[in-house]
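Below is one structure, written out as structure tokens, with a few remarks after it.
Residue numbers (the UniProt record's numbering), protein chains in the order written: chain Z, 1 to 406; chain U, 1 to 306.
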């Protein structure tokens, strides 16, 4: 990477840059606006008002009916955990949970732990394009189920789940419904007051606010038990002195996201589509994973067959291009991404999946640079691959190269 | 992103001996199903001398898998087959100035490809006998399978015993939850349950072995320290024995070891080795901590009284 070629950030589903306006809005709350919002005096009062304003900004983006339905937390994971554990606590007689095989670890790892503690967890499978079968889901809903937790948009493929429909089915069956919407908020329009969703998680750093701030949306009259007790903050539903600077930042980021929604759906989508078409045209033996027809406008996940994702990322990084991979080797785990496995993507392709996730700060010029950069990298790695011949994949790769596996 | 050494990066960005060797007469194909990596090693061996004239690799894998393959071909070219078989996965990792613990299996794959290729050349059938599980202890790169097998073989019951036998959990201790889960599972197979406060059985002492004299104990401790010294000196550090007091072994770290963030991990590793050499559990304590140790022991009892 040289000074003349600035870095390209196509990893916005991992985290986003904090918008300069957001930084400006939060800075005073580290200095002169240092008061504790709970205090009676003017130092506290001013901060309290700023938090109240931020709450209405979040409310507007979510389309929530009441601003008191917004509970500030420390992150998406805390919101997910609070929602799930609350649902279990208010209905101790219900011992089942429904979720999907492709959830974020924030939900998946919690469910695995709850299974160890005696809960029955139903993991809804997905098809080759990452889609759920609603008939299977409807059959599982019963008075034994405490909560359904289904992500709105998948972080790896961007695939959207029909959570509004699923929430209605849950409501009809008398089951609480939670959605992890950290990838969806700010990218697609939401109007929660017209939905049957009881609880929703969002995370600030996915929409140009800083890390360390999240929200749990809790529909009014939803039975609830806090995760953290110990104070009256957030109406006693999440104790702990407010992270006022980050809350103000999130409010600003939500207001900006609301203004930019149209842009995300049109301009960002056009950049993503150009990137995807450009790469598919320039690189042989690659394909888009997930459901391209129902997808976040910013996300494109491509499997480059017969090569491994970490190797691709390292070479991209050398050119100043940031993306991420579903390969095992990028995570420290031994398995390729559970999302790719759930879709039945073969190992030789799952390990070579690369996620490009854009934001409104990306440009058409950056897209063209990436379209130029990727094909030689893929070709270089395929020259090293035992699955690749002179001009293309070796005939019947699984037969011709059949290593002894440990 | 991984903390890859300069050498790993260099071998990844400019791999040596990539591609299949022409007229190869030895081929080894291995893969790690768990991580999905696979490697084909091709060798051209001089039948008269059994010397490896050329080596080439084709790898489906991550940066360190490619770098390990490249390093392997560099190391073994020019060796006889018997010499090459002496190359360990640690040699490959050392050649690359180290690999992250999660990536040590990449060097194992390199060594196995070599064994498979030599077997192929000699007309033998090679089968892989090592199992690999999910990494549990990141400080000492110990995987689940090794821990499970060690628990079964030695009838271990506590986390402390697992630390003593496998080193797993002997560093930062963050994996103790995972170790407890493995213990619960393995003990459950034989109808037992894991009890966190179960008594620790001492390390096995060879039957009939006489109790060591003080001089003998110190000699053995010095032998262990001498064996780790070259590693420390390579990082511009050193260690010396200060005193032995019952089960406390006081040492002084020198040079770059002083203030090194890995010092605690290093001492834990040395403690395990000394414990093994003596056949009893000992604690290795920095000499500077000696005064502090006795002082804090005093203040703890004070608190307990309050």
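Ideal Cβ placement from N, Cα and C applies to all residues, glycine included.
Between the C-alpha atoms of residue i and residue j, what's the straight-line distance to the nearest angstrom?
i                      : j                      : result
residue 318 of chain U : residue 305 of chain Z : With chain U represented from 1 up to 306, any question about residue 318 of chain U goes unanswered, as that position is not in the structure.
residue 266 of chain U : residue 87 of chain U  : 25 Å
residue 206 of chain U : residue 9 of chain U   : For residue 206 of chain U, the pLDDT reaches just 48, beneath the cut-off of 50, and the residue's location in the model is therefore unreliable, although a value from the coordinates is still provided. In a straight line, the C-alpha of residue 206 of chain U is about 46 Å away from that of residue 9 of chain U.
residue 338 of chain U : residue 144 of chain U : Because chain U in this structure spans residues 1 to 306, residue 338 of chain U falls outside the shown range and cannot be described.
residue 212 of chain Z : residue 202 of chain Z : 11 Å
residue 121 of chain Z : residue 100 of chain Z : 10 Å
residue 324 of chain Z : residue 355 of chain Z : 5 Å
residue 147 of chain U : residue 168 of chain U : 8 Å
residue 39 of chain U  : residue 22 of chain U  : 17 Å
residue 285 of chain Z : residue 393 of chain Z : 8 Å
residue 175 of chain U : residue 180 of chain Z : 28 Å
residue 368 of chain Z : residue 267 of chain Z : 15 Å
residue 14 of chain U  : residue 381 of chain Z : 11 Å
residue 233 of chain Z : residue 242 of chain Z : 7 Å
residue 208 of chain U : residue 48 of chain U  : With a pLDDT of 49 at residue 208 of chain U, under the threshold of 50, the predicted position of this residue should be treated as unreliable, though the coordinate-derived value follows. If I take the Cα positions, the gap works out to 51 Å.
residue 37 of chain Z  : residue 51 of chain Z  : 8 Å
residue 89 of chain Z  : residue 226 of chain Z : 10 Å
residue 106 of chain Z : residue 269 of chain Z : 27 Å
residue 54 of chain U  : residue 3 of chain U   : 31 Å
residue 90 of chain U  : residue 107 of chain U : 7 Å
residue 265 of chain Z : residue 86 of chain Z  : 34 Å
residue 346 of chain Z : residue 303 of chain Z : 10 Å
residue 73 of chain Z  : residue 67 of chain Z  : 15 Å
residue 370 of chain Z : residue 59 of chain Z  : 37 Å
residue 213 of chain U : residue 247 of chain U : 13 Å
Check whether chain Z comes within 8 Å of residue i, counting only Cβ atoms and requiring the distance to be less than that.
i                      : result
residue 119 of chain U : no
residue 5 of chain U   : no
residue 19 of chain U  : yes
residue 60 of chain U  : yes
residue 16 of chain U  : no
residue 194 of chain U : no
residue 206 of chain U : Because residue 206 of chain U sits at a pLDDT of 48, beneath the cut-off of 50, its placement in the model cannot be relied upon, and the point is left open.
residue 324 of chain U : Here chain U comprises residues numbered 1 to 306, so residue 324 of chain U is not present and cannot be evaluated.
residue 178 of chain U : no
residue 63 of chain U  : yes
residue 189 of chain U : no
In this structure, what does DSSP give as the bridge partners for residue i?
i                      : result
residue 199 of chain Z : Z:178 and Z:218
residue 98 of chain Z  : Z:122 and Z:148
residue 18 of chain U  : U:57
residue 240 of chain U : U:252
residue 39 of chain U  : U:30 and U:59
residue 355 of chain Z : Z:301 and Z:324
residue 284 of chain U : U:249
residue 185 of chain Z : Z:188
residue 72 of chain Z  : Z:215
residue 153 of chain Z : Z:160
residue 137 of chain U : U:142
Of all the options the options, which has the alpha carbon lying nearest to the alpha carbon of residue i?
i                      : options                       : result
residue 159 of chain Z : Z:175, Z:147 and Z:102        : Z:102
residue 157 of chain Z : Z:126, Z:178, Z:144 and Z:29  : Z:126
residue 18 of chain U  : U:59, U:50 and U:24           : U:59
residue 283 of chain U : U:164, U:237, U:212 and U:256 : U:164
residue 177 of chain Z : Z:233, Z:80 and Z:240         : Z:80
residue 239 of chain U : U:246, U:245, U:247 and U:224 : U:224
residue 30 of chain Z  : Z:19, Z:39 and Z:43           : Z:43
residue 358 of chain Z : Z:12, Z:143 and Z:117         : Z:12
residue 254 of chain Z : Z:300, Z:269 and Z:205        : Z:205
residue 257 of chain U : U:244, U:114, U:286 and U:214 : U:286
residue 7 of chain U   : U:77, U:152, U:161 and U:99   : U:99
residue 119 of chain U : U:155, U:153, U:150 and U:29  : U:29
residue 138 of chain U : U:114, U:166 and U:151        : U:166
residue 298 of chain Z : Z:199, Z:260, Z:308 and Z:316 : Z:260
residue 128 of chain Z : Z:112, Z:288 and Z:221        : Z:288
residue 133 of chain Z : Z:165, Z:217 and Z:104        : Z:165
Would you say residue i reaches chain U, if we count a Cβ-Cβ gap shorter than 8 Å as a contact?
i                      : result
residue 28 of chain Z  : no
residue 1 of chain Z   : The predicted position of residue 1 of chain Z is uncertain, since its pLDDT is 47 and thus under 50; a value taken from the coordinates is nonetheless stated next. Chain U, which has no Cβ nearer than 8 Å to the Cβ of residue 1 of chain Z, makes this no.
residue 196 of chain Z : no
residue 314 of chain Z : yes
residue 307 of chain Z : yes
residue 74 of chain Z  : no
At least one CB of chain B closer than 8 Å to the CB of residue i: is that the case?
i                     : result
residue 29 of chain U : You won't find chain B in this structure, because its protein chains are Z and U.
**Message:** To test your reading of the DSSP string, which unbroken alpha helix (DSSP H) runs of 4 or more residues are found completely within the segment 41–90 of chain U?
**Reply:** Counting only runs of 4 or more, we get 63–76 and 81–85.
**Prompt:** If you scan the segment 225–297 of chain Z from start to end, which runs of the beta strand (DSSP E) of 3 or more residues do you find wholly inside it?
**Reply:** Fully enclosed beta strand (DSSP E) runs of 3 or longer: 286–288.
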